[in-house]
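So our numbering is basically just the index in the sequence shown, starting at one, shifted up by 1080.
Even for Gly, the Cβ is constructed at its ideal location relative to N, Cα and C.
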Amino acid sequence: MRILMAAAALSALVAGTGVAHAQSTAIEGRVDRLEREMRAVQRKVFPGGAGQTLEPQIVPETNVNAPGTPAGSALSDLTQRVAALENQVTSMTGQVEQGQYRLRQLEEAFNAYKRSTDARLKALEDGASSVGTGGPVIAPVDLGETPARPTRPPAETATPKPTGTRAQQVAAIQKPNSGDPAEDGYTYGFRLWSAKLYPEARRELEAVATKYPQHRRASYSQNLLGRAYLDSGAPSLAAVAFYENYKKNPNGERAADSLYYLAQALTKLKKPASEVCKVYTELDQLYGPQLSAEMKAGVAEGRVAQKCK
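Have a look at this one:
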């Protein structure tokens, strides 16, 4: 009888040891799986390592209990390791999600900027397509004001509008030949503009401004290029020409004129009064003493019309 009881007790002890060993094996599997997942997340968040990887907060014990000893301490350590690994995986996952959210925000901001830029470029292209380079002359727009025209040298006398076909009108404009190509190009462009042959005038004036940017007539040509656009009903392209003349050559002899006409082009484009007033203010601050009485009167009228403060 005693032998049977001893055998039963031994069997129970062996069975309990087997259950504990099975539980320990299952937890070890969870630990290994979580450690692999954490390393995978670390490789994604910190490519190449660079000393940024995180080590588990709980490390295995160096002293391993011999089989048959109580498993409570080992199971407790494994449970702590599992909890620590789960917390680290959760933290790393949160960092990845935050990075993805910031990336989406950057993409949305870039797409909004691209749409705005595309719309502005399309508006300029539409304005350019409405002004042909070889089509009929477009009637000048009545600006409803008396603009301050630049002081003209003796060669820049007003040219009467020629008659006949387009080719005959262009041929009737005399080309100067002083030996200074920039001077001659500007004078010829001015004569074409004065005859309201705007597309031909634009070609001559743009060529002078592009080929001879250091010549004093570059400022004249770029400003008159904007005038040719403005007079032919293309205020958007005129605004670009005026702004480039002021921005690239602020000390040029027609920089102040370009700022003055820039305000008029913005008015034609129905831009907010605050933008137009800003141009008038900058004109006064930078070139006020240099403005002619006629231009000062035009600025004063423009500020009143825009209700500038």
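I believe residue i touches residue j by the beta-carbon criterion, under 8 Å. Please report the beta-carbon distance rounded to the nearest angstrom.
| i | j | result |
| --- | --- | --- |
| TYR1340 | GLY1378 | 7 Å |
| LEU1310 | ALA1318 | 4 Å |
| SER1301 | TYR1266 | 5 Å |
| ALA1390 | LEU1346 | Outside the displayed span of the chain (1081 to 1389) sits residue 1390, for which this structure offers no information. |
| ALA1335 | ASN1329 | 6 Å |
| SER1338 | ASN1303 | 5 Å |
| LEU1165 | GLU1108 | No, LEU1165 and GLU1108 are not in contact; Cβ-Cβ is about 12 Å, not under 8 Å. |
| VAL1169 | GLU1117 | 6 Å |
| VAL1162 | ARG1110 | 6 Å |
What residue range is occupied by the uninterrupted alpha helix (DSSP H) comprising residue i?
| i | result |
| --- | --- |
| TYR1300 | 1296-1311 |
| LEU1285 | 1278-1291 |
| ALA1314 | Run containing ALA1314: none; DSSP gives neither H nor E here. |
| CYS1388 | Looking at the DSSP string, CYS1388 is not in any alpha helix (DSSP H), and its letter there is neither H nor E. |
| SER1258 | Per DSSP, SER1258 belongs to no alpha helix (DSSP H) and is neither H nor E. |
| ALA1353 | 1353-1367 |
Shortest alpha-carbon distance to residue i belongs to which of the options?
| i | options | result |
| --- | --- | --- |
| ARG1307 | GLN1344, TYR1292 and ARG1297 | GLN1344 |
| PRO1261 | TYR1278, GLY1244, LEU1285 and ARG1182 | LEU1285 |
| LEU1158 | LYS1389, PRO1279, ASP1112 and SER1299 | ASP1112 |
| GLN1386 | PRO1330, LYS1348, TYR1309 and SER1372 | LYS1348 |
| GLY1174 | TYR1292, VAL1121 and ARG1184 | VAL1121 |
| GLN1248 | GLU1280, ASN1257 and GLN1180 | GLU1280 |
| GLU1333 | SER1156, CYS1388 and GLN1294 | GLN1294 |
| ARG1246 | TYR1278, PRO1256, GLY1269 and ALA1164 | TYR1278 |
| PRO1352 | ARG1271, ARG1383 and LEU1165 | ARG1383 |
| ALA1252 | VAL1288, ASP1264 and TYR1268 | TYR1268 |
| LYS1276 | SER1258, VAL1250, ALA1287 and ARG1182 | VAL1250 |
| LYS1389 | ARG1182, ALA1164 and VAL1356 | VAL1356 |
| ALA1289 | ARG1271, GLU1324, PRO1256 and LEU1272 | GLU1324 |
| ALA1314 | ASN1331, LEU1183, LEU1342 and LYS1291 | LEU1342 |
| GLU1263 | ARG1296, LEU1183 and PRO1369 | ARG1296 |
| LEU1272 | ALA1287, LYS1255 and GLN1178 | LYS1255 |
| ARG1119 | MET1172, LEU1366, LEU1371 and GLU1188 | MET1172 |
| LYS1421 | TYR1292, SER1316, GLY1259 and SER1156 | In this structure the chain extends from 1081 to 1389, so residue 1421 is not present and cannot be described. |
| ASN1331 | LYS1358, LEU1366, TYR1360 and GLN1178 | LEU1366 |
Using 6 Å as the cut-off, classify the Cβ of residue i as near or not near the heavy atoms of the ligand GDP, replying yes or no.
| i | result |
| --- | --- |
| GLU1263 | The model on display carries no ligand, and the ligand GDP is accordingly not part of it. |
With DSSP as the reference, label residue i as helix, strand or coil.
| i | result |
| --- | --- |
| ASN1331 | coil |
| ASP1264 | helix |
| LYS1348 | helix |
| GLY1109 | helix |
| ALA1252 | coil |
| SER1372 | coil |
| GLU1381 | helix |
| GLY1269 | helix |
| GLY1174 | helix |
| THR1247 | What sits at residue 1247 in the sequence shown is Ala, not Thr. Note: ALA1247 maps to helix in three-state DSSP. |
| ALA1275 | coil |
Of all Cβ atoms in chain C, is any one closer than 7 Å to the Cβ of residue i?
| i | result |
| --- | --- |
| ARG1119 | Note that chain C does not occur in the displayed structure, where there is just one protein chain. |
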